[in-house]
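>
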Amino acid sequence: MVQTLVLGLILAIAGAAFQTASVNYPLLLLSRLVLGLDSGFMSQPSPILLAELTYPTHRGKITSLYNTLFFVGAIAAAWISFGTLKMSGDWSWRIPPLLQGAGPAIQLLFSWFLPESPRWLIARGRADEARELLVRHHAAGDRTSRLVALEML
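Under my numbering, the residues of the sequence shown are numbered 380 to 532, in order.
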């Protein structure tokens, strides 16, 4: 699951760079297509991974926060685009996609610290790794936790 997310981040960075560097309308449209593809790679695994890694009593709040921040980002993007509207030259339309690639670039740097989904690990026969992950994240190191035992069912 993390690999899918990383692929989406790489596509987002590439699409934003491609859009920023576009020299004509067809290239701009092609870059938008790449950016559209990346959203599928990122929007599908992100809330699932958040829900699986978050402590059960916090799942609703964290996944709601994810959805809320998605729209905060969309509003910020609209205001950034509006703010560059009256700029002269090519930078009026190059700044928004340049900034659009900044978030995924930061996420990509930190993605190496992101643990894999416990269910993904179990589905690939790595139940011991999944149990250790749950013990670390949901049981504060307690290997006898009933919560971890229930989540491993």
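Glycine is no exception: its CB is placed at the ideal position from the N, C-alpha and C atoms. None of these values were measured; they are calculated from a predicted model.
1) Note down, in chain order, each residue of its chain lying with its Cβ closer than 6 Å to the Cβ of G387, except the 5 sequence neighbours on either side.
2) Counting along the chain, where does the alpha helix (DSSP H) carrying P405 start and finish?
3) Nearest CA to the CA of D507: which residue from A400, L412, M531, L526?
4) Within 10 angstroms of the Cβ of R525, are there 16 or more other Cβ atoms? Answer buried if so, exposed if not.
5) Taking buried to mean at least 16 other C-beta atoms within 10 Å of its own C-beta, is R503 buried or exposed?
6) Is the beta carbon of L428 less than 9 Å from the beta carbon of L493?
7) Report the rounded CA-to-CA distance for P405 versus R411, giving the unit in angstroms.
8) Which residues in the same chain as V385 place their Cβ atom closer than 8 Å to its Cβ, once the five residues preceding and following it in sequence are excluded?
9) Taking DSSP as the reference, what is the three-state secondary structure of E508?
10) So L529 is in the alpha helix (DSSP H); what residue range does that whole segment cover?
11) Determine the burial state of S496: buried for a count of at least 16 other Cβ atoms within 10 Å of its Cβ, exposed for fewer.
12) Residues in its own chain within less than 7 Å of F397 by CB, not counting five upstream and five downstream?
13) Taking P426 as the reference, give the member of L478, I501, S443 with the closest Cα.
14) Considering only C-alpha positions, which residue in the set E511, P475, G520 is nearest to G394?
15) Are the Cβ atoms of L477 and T399 separated by less than 9 Å?
For this structure:
1) D417, F420, M421
2) 404–422
3) M531
4) With fewer than 16 Cβ atoms within 10 Å of its Cβ, R525 is classed as exposed.
5) exposed
6) yes
7) 10 Å
8) L487, S490
9) In this structure, E508 counts as helix in the three-state DSSP scheme.
10) 525–530
11) Buried is the call here.
12) S410, V413
13) S443
14) Answer by Cα proximity: P475.
15) yes
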